[in-house]
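Residue numbers (this note's numbering), protein chains in the order written: chain A, 1 to 316; chain B, 1 to 302; chain C, 1 to 130.
For every residue, glycine included, the Cβ atom is placed at its ideal position computed from N, Cα and C.
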Amino acid sequence: MIWVAWRQQRTESLIAAGILALLAVLLVPTGLDMASAYHHAGLTACAGHEASGSCGDAVRAFVSRFEQIGNVIAWLTLVPGLIGVLLAAPFVLQLEHGTHRLDWTQSVTRGRWIGGKLGLAIAAALLAALAFTLLMVWWRAPLVHLQGRMEPGIFDSEGVVVFGYTLFALGLALAAGALWRRAVPSLVVGFAGYFAARLFVETWLRQRLLSSHTATWALDRAAPANLTHAWVLTGYPSDKSGHVAALPCPGIHGPGPRLTLLPKCLATQDVAGYMHAIYHPASSFWALQGLETGLFGGVAVVLIAFAAWRTHSHAA
Amino acid sequence: MSSVPALRTDDLGKRYGSTWALRGCTLEIPTGSVTALVGPNGAGKTTLLQLAVGLSRPTCGSVAVLGRSPQEQPRELLPRIGFVAQEHPLHRGFTISETLELGRRLNPRWDGDAARERIDRVGLPLGQKVGKLSGGQQAQVALTLALAKRPELLLLDEPVAALDPLARREFLNSVLEAVSESGVTVVLSSHIVADLERVCDHLVILAGAHTQLAAPIDGILASHPLLTGPRSDAAAVARAHDVIRESHTARQTSLLVRTDRHVYDASWESHEIDLEEIVLAYLGQGRSHFPARETHAEAVAG
Amino acid sequence: MIEFHLETRSGVPAYLQLVQQVRQAVRLGILQPGDQLPTVKEVVTRLTINPNTVLRAYRQLDHEGLVEGRRGVGTFVGGDAPPLPPDDVKELRSSLQRWIARARAAGLDEENMAALFADTVRPPVISKVA
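Take a look at the structure:
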């Protein structure tokens, strides 16, 4: 059965491998470039105190040089969804074309057939997720050293979340396919569902998975250490008595404040007051990773189980 | 010849939603026979075959293949049943050789040499992609796949419906060769009625999801005379015999009856008509006449 | 070697047609004693008919003594094919010629004669009780 399942999945698996290879071809040159620039600027020693002195300038230069690419690369987070849906295609196409009837009358029971095919699809999805994660983690390493990995757009290609994402896309496409037995609508729904779910989690749910922390510090002091490489959800300044005030510093108010801009801005002003920030510290990284992976992965397991059950019990 | 019928159903029925695809089907198909399963589209032929091979579950009644239940004992039965579904689905991206490999890996008993030899005889290259073959060639590949497991029962669902006459003839030839070589029992569903008489020795007619007739072909011709006579009503005849079809012109009445007895009535002249006409008459009726079991027993005794 | 053919609309069962063709071939000398009949498989392939039909025909011929089946080898024309007594044939032919002359005089053409013969020679399926 393994040979049969592999042969039926071969084309799609090779396409997925091709996509990953293409990604590698695109990312490796810039990755190497970035790594060497990092070493040349001596930024390794700067990790941890990016704001101060010569480090601060070098870091700012480095970041502004590679930030743009980093933002574009962030869109690659759609690739796990694409691959998950692609790996669901062989199963759904079989149901659409009726060739499962051919297999089921060759003396293999439905259970063994479903187990073999889904098992192999899951294995391929996990392998693809691994390859993707390794590539992205390697590419982003210098930037992560400088900026941490809590920010949206970076968080979702680090750690283990990609495994959850890929399985989720796979499961959604499989479930739709088992229900409708038509490939194109199922794959479209799979990808659209993946996109919608990711968007929802990224913009609303993730920050609520754990309770956030609040920090307050006087503006003439440095930000507390906890805020280093943290994911700052929102920030606002206040005057000495705690009323929300305004600071003539762009980019530090509201959601996603760039607190690193604060020292430079304050150096030119003379203000008194406090800064408040609501954030998730860098130490929450693995907790959030675990929760989000568990969420996507858990739903994936349910969807895949549904696909298996539906295919097993429905009329041929 | 084994006494266990190759296929036996007992009040078998299958419902999809609120529609009955098959209902009250009771028949026996003897081992070693070549049976035609005839009926219009939607009559339940595919449903019956799928129930026999275990692809679906009966809503009511039972089906026994080679004496066992396909639902309860698929591991036992599937290696002994060859099945070619409608439109002979095959993996289009596979080569013929890979298709045979699939059969080899998924079936416990497999005669690879015979399969390759048959493909060779039909003149197909093993490395050819299945998607590039013609309909007739694909049908032959599907048949090879079904026969290479050395089945005791071969179920073919409309295998020749979409084929040109030559491909149809070649396909039926292949099936009959297999019968003469191995004595495999064949059930062949078709909505094309021609060719049946020479290929098959047993006939099952399904219409309106019911079994209209299930009997050996030899007996059918003798037991279905066409009675003609001056215009009159069929009531007298209908009291003694089953009237399958009646038609009237201004001066003449024709009755196709089913009977195992002589028609003792001087006013009627009897003729023997051919099988195709008899089948068409049944298909035109679409109602159930009598339990098929009785017919078989009568035909055997008669 | 004899080559079979089938007339699908003749009303004569297939196996009987095969039997008749073998009888005819023997009579006309196309098949000699010791000649092998086509194997069941060959006939099936040639005519696309049910193997049981061929088996039935060969069994009947064996029963009539015209052929004998040798297990594992084939079916062969027997040496004791009873020849038609020539005097009987001669007598039947001349009485037939007289009948034909009478039928023609009564206005029957060849087709009518053949129909009458076919109707009379076939045993009735359902007997009509006058």
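Chain B partners of residue i, CB-CB under 9 Å?
i: GLY119(A); result: In chain order: nothing, as chain B lies at least about 16 Å away.
i: ARG9(C); result: ASP274
i: ALA57(C); result: By Cβ distance, chain B contributes nothing, its closest Cβ being about 13 Å from ALA57(C), past 9 Å.
i: VAL188(C); result: Outside the displayed range of chain C (1 to 130) lies residue 188(C), so it cannot be described from this structure.
i: THR11(A); result: GLY93
i: VAL322(A); result: Residue 322(A) lies beyond the residue range present for chain A, which begins at 1 and ends at 316; the question has no answer from this structure.
With which residues is residue i paired in a DSSP beta bridge?
i: ALA36(B); result: LEU188(B) and LEU203(B)
i: ILE278(A); result: THR214(A) and THR234(A)
i: LYS14(B); result: LEU22(B)
i: GLY131(B); result: According to DSSP, which records beta bridges pairwise, GLY131(B) is partnered with nothing at all.
i: GLN36(C); result: PHE76(C)
i: THR166(A); result: THR166(A) pairs with nothing; no bridge assigned.
i: GLU28(B); result: ARG8(B)
i: ILE81(B); result: LEU153(B)
i: ARG68(B); result: VAL65(B)
i: GLY269(B); result: Strictly speaking, residue 269(B) in this sequence is Glu, with Gly absent from that position. Answer is THR228(B).
i: HIS97(A); result: Answer is none; HIS97(A) lacks a bridge partner.
i: GLY69(C); result: THR75(C)
i: LEU256(B); result: LEU226(B) and ARG245(B)
i: PHE29(A); result: Residue identity differs from the one stated: residue 29(A) is Pro in this sequence, not Phe. None; PRO29(A) has no bridge partner.
i: VAL244(A); result: SER238(A)
i: LEU211(B); result: With the sequence shown as reference, residue 211(B) is identified as Thr, and Leu is not the correct amino acid for it. In DSSP, THR211(B) forms a bridge with LEU206(B).
i: PRO74(B); result: In the DSSP output, where bridge partners are listed per residue, PRO74(B) has none listed.
i: CYS60(B); result: GLY13(B)
Which residues of chain C have a Cβ atom closer than 9 Å to the Cβ of residue i, listed in chain order?
i: ASP201(B); result: ASN50, ASN52 and THR53
i: ARG198(B); result: LEU6, THR8, ALA14, LEU47, THR48, ILE49, ASN50 and THR53
Taking buried to mean at least 16 other C-beta atoms within 10 Å of its own C-beta, is residue i buried or exposed?
i: ILE192(B); result: exposed
i: MET136(A); result: buried
i: ALA223(A); result: buried
i: ALA130(C); result: Only weak support exists for where ALA130(C) lies, its pLDDT of 37 falling under 50; the value from the coordinates is given anyway. Per the 10 Å Cβ criterion, exposed.
i: LYS117(A); result: buried
i: THR35(B); result: buried
i: GLY284(B); result: exposed
i: PHE191(A); result: buried
i: ASN112(C); result: exposed
i: PHE200(A); result: exposed
i: THR203(A); result: exposed
i: ALA45(A); result: exposed
i: LYS14(B); result: buried
i: TYR16(B); result: exposed
i: TRP104(A); result: buried
Kindly list, in the order they appear in chain C, the residues whose Cβ is closer than 7 Å to that of residue i.
i: VAL34(B); result: ASN50
i: GLU277(B); result: Those do not exist, as GLU277(B) stays about 11 Å from chain C at its closest Cβ, beyond 7 Å.
Which bits of chain A does residue i rub up against, with CB to CB less than 9 Å?
i: SER56(B); result: ALA315 and ALA316
i: GLY127(B); result: Those within 9 Å of GLY127(B) in chain A number zero; the least Cβ separation is about 15 Å.
Can you name the residues of chain B whose CB is closer than 8 Å to the CB of residue i?
i: GLY98(A); result: ALA85, GLU87 and PRO89
i: GLN8(A); result: HIS91
i: THR45(C); result: ASN173, LEU176 and GLU177
i: ASP389(A); result: There is no way to answer for residue 389(A), as the model of chain A reaches only from 1 to 316.
Could you work out which residues of chain A lie near residue i, taking near to mean beta carbons separated by less than 7 Å?
i: PRO108(B); result: SER107
Could you work out which residues of chain B lie near residue i, taking near to mean beta carbons separated by less than 7 Å?
i: VAL92(A); result: Simply none; closest approach about 14 Å.
i: LEU156(A); result: Reading off the sequence, residue 156(A) comes out as Asp, not Leu. Near ASP156(A) there are no residues of chain B at all, since even the closest Cβ is about 34 Å away, more than 7 Å.
Quick check on residue i - is its C-beta less than 9 Å from some C-beta in chain D?
i: ASP164(B); result: Any reference to chain D falls outside this structure, whose protein chains are A, B and C.
Residue i touches chain A at which residues, Cβ-Cβ below 8 Å?
i: PRO79(B); result: SER107
With three or more C-beta pairs closer than 8 Å as the rule, is the stretch 39-53 of chain B touching the stretch 202-213 of chain B?
Because the criterion of three Cβ pairs below 8 Å is met, the stretch 202-213 of chain B and the stretch 39-53 of chain B touch.
Any C-beta of chain A within less than 8 Å: which residues of the stretch 85-100 of chain B qualify?
Along the stretch 85-100 of chain B, the positions whose C-beta sits under 8 Å from a C-beta of chain A are ALA85, GLU87, PRO89, LEU90, HIS91, ARG92, GLY93, PHE94 and GLU98, read in chain order.
Three Cβ pairs or more, each shorter than 8 Å: is that satisfied between the stretch 112-127 of chain B and the stretch 45-61 of chain B?
The stretch 112-127 of chain B vs the stretch 45-61 of chain B: no contact.
Under 8 Å, with one C-beta from each stretch per pair, do the stretch 1-13 of chain A and the stretch 85-94 of chain A reach the 3-pair mark?
The stretch 1-13 of chain A, when compared against the stretch 85-94 of chain A, does touch it at the 8 Å Cβ threshold.
Are there three or more Cβ pairs, one per stretch, closer than 8 Å when the stretch 6-26 of chain B is compared with the stretch 304-312 of chain A?
The answer is no - the stretch 304-312 of chain A does not touch the stretch 6-26 of chain B, with fewer than three Cβ pairs under 8 Å.
Taking only beta carbons into account, state which residues of the stretch 41-55 of chain B come closer than 7 Å to chain A, listed in chain order.
For the stretch 41-55 of chain B, which is checked against every Cβ of chain A, the residues closer than 7 Å are GLN50, VAL53 and LEU55.
Is the stretch 272-287 of chain A touching the stretch 228-242 of chain A in the sense that three or more CB pairs, one from each, lie closer than 8 Å?
These segments touch.
So, does the stretch 89-97 of chain B touch the stretch 56-71 of chain B, judging by three or more C-beta pairs under 8 Å?
Verdict: no, contact absent.
Stretch pair the stretch 160-167 of chain A + the stretch 296-305 of chain A: three plus CB contacts closer than 8 Å
The stretch 160-167 of chain A is in contact with the stretch 296-305 of chain A.
Which residues, in order along the stretch 1-34 of chain C, keep a beta-carbon less than 9 Å from a beta-carbon of chain B?
For the stretch 1-34 of chain C, which is checked against every Cβ of chain B, the residues closer than 9 Å are LEU6, THR8, ARG9, GLY11, PRO13 and ALA14.
What residues in the stretch 169-195 of chain B have a beta carbon less than 8 Å from any beta carbon of chain C?
So the list reads ARG169, LEU172, ASN173, LEU176, GLU177, VAL179, SER180, GLU181 and ASP195, given in the order they occur along the chain.
Could you list the residues in the stretch 19-51 of chain A with a C-beta less than 9 Å from some C-beta on chain B, going in chain order?
For the stretch 19-51 of chain A, there are no residues whose beta carbon sits under 9 Å from a beta carbon of chain B.
Inter-stretch contact at 8 Å, needing at least 3 Cβ pairs: the stretch 215-226 of chain B / the stretch 63-73 of chain B
Judged by Cβ distances under 8 Å, the stretch 215-226 of chain B makes no contact with the stretch 63-73 of chain B, as fewer than three pairs qualify.
Using a Cβ-Cβ cut-off of less than 7 Å, list which residues of the stretch 110-121 of chain B approach chain A; keep chain order.
Cβ proximity to chain A below 7 Å picks out nothing from the stretch 110-121 of chain B.
Positions along the stretch 16-27 of chain B whose CB lies within less than 9 Å of some CB in chain A
Within the stretch 16-27 of chain B, the residues whose Cβ lies closer than 9 Å to some Cβ of chain A are TYR16, listed in chain order.
Check whether the stretch 77-91 of chain B and the stretch 149-156 of chain B touch, using three or more Cβ-Cβ pairs below 8 Å as the test.
As far as the Cβ criterion goes, the stretch 77-91 of chain B touches the stretch 149-156 of chain B, which means the pair count is three or higher.
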